[in-house]
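These notes concern the structure reproduced below.
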Amino acid sequence: MFKKTIILLALAFGLQSASQATYSELSMCPEVPSSTSGAVGNFLSNITGTNFIMTKIAESAAQKELKKEFNSKFNVELYPFGGKSLLDGKFKGVKLESKKIASDDLNTTNFSASSLCDYNHVTLKDNNLYFVENFLMEYSAQITNDDLQRTILSPSYLKLLERLNLKIAGFTVFKVADPSIEIKGDRLLMSVKTLAPAPFNATQTINVNAGVKVENEKIVFSDIKMGSLGNLDLNSVLPLVNRMNPFVHKVPLDEKNIATIRIKDVRIENNTVWAKGLVVIPQTR
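So in the working numbering, the last spot in the sequence shown is 291, and the numbers never skip.
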């Protein structure tokens, strides 16, 4: 879990940018302490090469850990205040890019991220990582058919479907299974089977044709069109369809930290979902 936290922390560092954030979100950023490394400390780090060497070591370590976790190649550019600040867990930022991320938690293409705050600070205590200050990260990504297929077959998404199952007295009376999804043009085509085991032995396939939009900073289905529902009522099916949303909004980092994903813009174009938004990691209380 600690390694995973380190990796997701790397996603939270980046170069300053404000194209997606609102004023209220930027107000969450901490002020840069005047004592951070200091002009003399930065100068000495630069002329002795300490800053350069430590930065390259940190970049290399981050790239190795990211590749190990996601089986993906990342380009990481770290921007510290100075050598001493880097040791203290204080950063200006890191630029992070990957052409392909494929894991149980994240599946996306052409991912890039940059932080919104000028000052970032984390600390390690008892093998646990703590966020001394809020982290705000801006990101952009593409989601392809391959990315979505990986997501709906991931353990976390299958657990989501399992929570939709209905049990009475320990017996399953309604089950959702066999999800499939495809991006076609500017639409999402999704299907799922609803099963009613013995003694009912009833199976129904629900086919959904939908667009996507941003609502309350989340990706939701829009303009939903349903295929033949048989004996199922449309009003009873829509809540089920919306709960099968494959776009994750919260990512647990560990027992203490949760990253909230705030979607700012989404569209489907040329068989690809294009998304931009923020990841907010609150200060550890």
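Every residue gets a Cβ at the ideal spot worked out from N, C-alpha and C, and that includes glycine.
*Identify whether I284 lies in helix, strand or coil by the three-state DSSP scheme.*
Looking at the sequence provided, one finds Leu at residue 284 rather than Ile. The answer is strand: DSSP assigns L284 an E or B state.
*Does DSSP put T61 in a helix, in a strand, or in coil?*
helix
*asked:* Here's a check: name, in chain order, each residue in its chain whose Cβ is nearer than 7 Å to the Cβ of L50, leaving out the five neighbours to either side.
replied: Bear in mind that a pLDDT of 44 at L50, under 50, signals an unreliable position, so the number given afterwards is only what the model happens to contain. Excluding residues within five positions, none has a Cβ falling inside 7 Å.
*Whole-number beta carbon distance between N126 and F141, since they are thought to touch under 8 Å*: 6 Å
*Are the stretch 81-96 and the stretch 107-117 touching by the rule of at least three beta carbon pairs closer than 8 Å?*
no
*When we look at the beta-carbon of R169 and count the other beta-carbons within 10 Å, is it buried (16 or more) or exposed?*
exposed
_Own chain residues within Cβ distance below 6 Å of S78, not counting five before or after_ = S104, K106, I107
_Taking its Cβ as the centre, do 16 or more other Cβ atoms sit within 10 Å of A208, making it buried, or is it exposed?_
exposed
_Spatial neighbours of T211 within its chain, please: C-beta separation below 7 Å, excluding the five flanking residues on both sides._
S197, K199
_With 16 other Cβ atoms within 10 Å as the buried cut-off, status of E139_ = buried
*Could you check where the alpha helix (DSSP H) with E168 kicks off and where it finishes?*
161-169
_Start and end residues, alpha helix (DSSP H) containing T157_ = 151-158
_Distance between V226 and L284 (C-alpha atoms, nearest Å)_ = 16 Å
*Roughly how far, in whole angstroms, is the beta-carbon of L195 from the beta-carbon of N215, given that I think they are within contact range, below 8 Å?*
6 Å
*Any idea if D271 is buried or exposed, counting beta-carbon neighbours within 10 angstroms, 16 or more meaning buried?*
exposed
_CA-to-CA distance, I158 to T278, given in whole angstroms_ = 16 Å
_Simplified DSSP assignment, three categories, for L15_ = Confidence in L15 is poor, its pLDDT being 44 and thus under 50, which makes the residue's placement unreliable; the coordinate value appears in the next sentence. Helix.
*Grab me the residues of E275's own chain with a C-beta within less than 8 Å of its C-beta, minus the 5 sequence neighbours each way, in chain order.*
D192
_Within the continuous beta strand (DSSP E) that includes A216, where are the two ends?_
208-221
*Limits of the unbroken beta strand (DSSP E) element including D229*: 224-232
*Does DSSP put L122 in a helix, a strand or coil?*
coil
*Reducing DSSP to helix, strand and coil, say where E31 ends up.*
helix
*Could you tell me the distance, in whole angstroms, from the CA atom of F137 to the CA atom of P288?*
7 Å
*Who are the Cβ neighbours of L167 in its own chain at under 6 Å, not counting the five residues just before and after it?*
V182
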